[in-house]
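Each remark here refers to the structure printed beneath this line.
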Amino acid sequence: MTDRTMTICRGAEASPTRRARVGAFSAMSALLWSMALAWVALTTGCGHGVKPDTSATENTLERTVRKALLDDYQRWRGTPHAFGGTSRSGIDCSAYAQRVYRDLFGINLPRTTAKQRRTGSSISVRSLRAGDLLFFNTGFRSRHVGIYLGDGSFIHVSSKLGVTRSSLENEYWRKHFQTARRVLRYR
Numbered sequence: 001m002t003d004r005t006m007t008i009c010r011g012a013e014a015s016p017t018r019r020a021r022v023g024a025f026s027a028m029s030a031l032l033w034s035m036a037l038a039w040v041a042l043t044t045g046c047g048h049g050v051k052p053d054t055s056a057t058e059n060t061l062e063r064t065v066r067k068a069l070l071d072d073y074q075r076w077r078g079t080p081h082a083f084g085g086t087s088r089s090g091i092d093c094s095a096y097a098q099r100v101y102r103d104l105f106g107i108n109l110p111r112t113t114a115k116q117r118r119t120g121s122s123i124s125v126r127s128l129r130a131g132d133l134l135f136f137n138t139g140f141r142s143r144h145v146g147i148y149l150g151d152g153s154f155i156h157v158s159s160k161l162g163v164t165r166s167s168l169e170n171e172y173w174r175k176h177f178q179t180a181r182r183v184l185r186y187r
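Counting from 1, position 53 in the sequence shown corresponds to residue 53 in this note's numbering; the numbering is continuous, with no gaps.
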């Protein structure tokens, strides 16, 4: 006695098969075959293992980071530059990056730009996301760090303007840009 059943996984189409009579041995055999087929389906991708789309979550997270950075920037905006400074009465670029990362993200960055530049992983300009650190060579043995906001802009401490927002498209910053590092984990 046989009847026609459908097998679920063989490419994208269903295919008819024949089911054998069920006896003591054939029931065990059918169970083993079912387990074997399930294993093959799982290991060969026949289960249509679609990866979840994490881009929406990542975009939401990046928007959250950007908003936190902008809100914090409003509190620090205009704070004067002071070489070696670490407070609202005067701060330098590496101390500002250190404070922002500690206060917003709970991450302890090193104090100096040179050491911050060795933190995280190197990324290309095309891969920039809110919160990435940007490094510039602004003169002989002079280094500068800023924090990327998105849309080509970043926040940093200017020697003339204090804590400010600038564009990577600005000729000066484009000319002096050196590298970018990602410290935040988006996944």
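The beta carbon of each residue, even a glycine, is placed where N, CA and C say it ideally should be.
- Message: Can you tell me where the alpha helix (DSSP H) holding Thr-164 begins and where it ends?
- Response: Segment 162-167 is the beta strand (DSSP E) holding Thr-164; no alpha helix (DSSP H) there.
- Query: Going by the CB atoms, is the gap between Gly-139 and Pro-80 shorter than 7 angstroms?
  - Reply: In this structure, Pro-80 sits away from Gly-139, with a CB-CB distance that is not shorter than 7 angstroms.
- Item | Alpha carbon of Ala-114 to alpha carbon of His-176, nearest angstrom | Each residue's alpha carbon lies about 16 angstroms from the other.
- Query: If you check the beta carbons only, do Ile-147 and Ala-180 fall under 7 angstroms apart?
  - Reply: Going by C-beta atoms, Ile-147 is not nearer than 7 angstroms to Ala-180.
- Query: Is it buried or exposed for Gln-74, if we count other Cβ within 10 angstroms and need 16 for buried?
  - Reply: Around the beta carbon of Gln-74, a 10 Å sphere encloses fewer than 16 other beta carbons of the protein chains shown; the residue is thus reported as exposed.
- Outcome for Arg-129 when other beta-carbon atoms lying within 10 angstroms are tallied against a minimum of 16: Residue burial is scored here from C-beta neighbours: Arg-129 has at least 16 other C-beta atoms within 10 angstroms and is therefore classed as buried.
- Tell me whether Gly-85 counts as near the ligand MN, meaning its Cβ is closer than 6 angstroms to at least one heavy atom of that ligand. For the structure depicted, the ligand MN is absent and the ligand set is empty, with no information on it obtainable.
- Task: Mind reading off the beta-carbon distance from Arg-182 to Gly-120? Whole number of angstroms is fine, and I expect it under 8 angstroms.
- Result: Right, the Cβ-Cβ distance comes to about 5 angstroms (below 8 angstroms), so this counts as a contact.
- Message: Here's the rule: buried if 16 or more other CB atoms are within 10 angstroms of the residue's CB, otherwise exposed. What is Arg-187?
- Response: With fewer than 16 other Cβ atoms within 10 Å, it is exposed.
- Message: As an exercise, report each continuous beta strand (DSSP E) stretch of at least 3 residues that is fully enclosed by the segment 120-162, in chain order.
- Response: Runs found: 121-123, 133-139, 142-150, 153-158.
- Message: From the DSSP secondary-structure annotation, give me the bridge partner or partners of Arg-182.
- Response: Partner(s): Ser-121.
- Task: Answer with buried or exposed for Asp-103, where buried requires no fewer than 16 other C-beta atoms within 10 angstroms of its C-beta.
- Result: Per the 10 Å Cβ criterion, exposed.
- Task: Would you give the residue range spanned by the alpha helix (DSSP H) that His-176 belongs to?
- Result: Its alpha helix (DSSP H) spans residues 171-176.
- Query: For Pro-110, which residues of its own chain have a beta-carbon under 7 angstroms away from its beta-carbon, when the five flanking residues on both sides are left out?
  - Reply: Cβ within range, chain order: Gln-116, Thr-119.
- Task: For the alpha helix (DSSP H) holding Ser-94, just list the boundary residues, first then last.
- Result: Ser-94 -> alpha helix (DSSP H) spans 93-100.
- Message: For the alpha helix (DSSP H) containing Thr-113, name the first residue and the last one.
- Response: Counting along the chain, the alpha helix (DSSP H) containing Thr-113 begins and ends at 113-116.
- Under the three-state reduction of DSSP, which class applies to Gly-86: helix, strand or coil? What sits at residue 86 in the sequence shown is Thr, not Gly. Three-state result, Thr-86: strand.
- Item | Arg-187 (DSSP reduced to helix, strand or coil) | It is coil, neither helix nor strand.
- Closest residue to Glu-62 among Ser-127, Gly-90, Phe-135, Ser-166 (Cα-Cα distance): It is Ser-127 whose Cα lies nearest to the Cα of Glu-62.
- Query: For Tyr-172, does the count of other Cβ atoms within 10 angstroms reach 16, so buried, or fall short, so exposed?
  - Reply: A residue is called buried once 16 or more other Cβ atoms fall within 10 Å of its Cβ, and Tyr-172, having fewer, is exposed.
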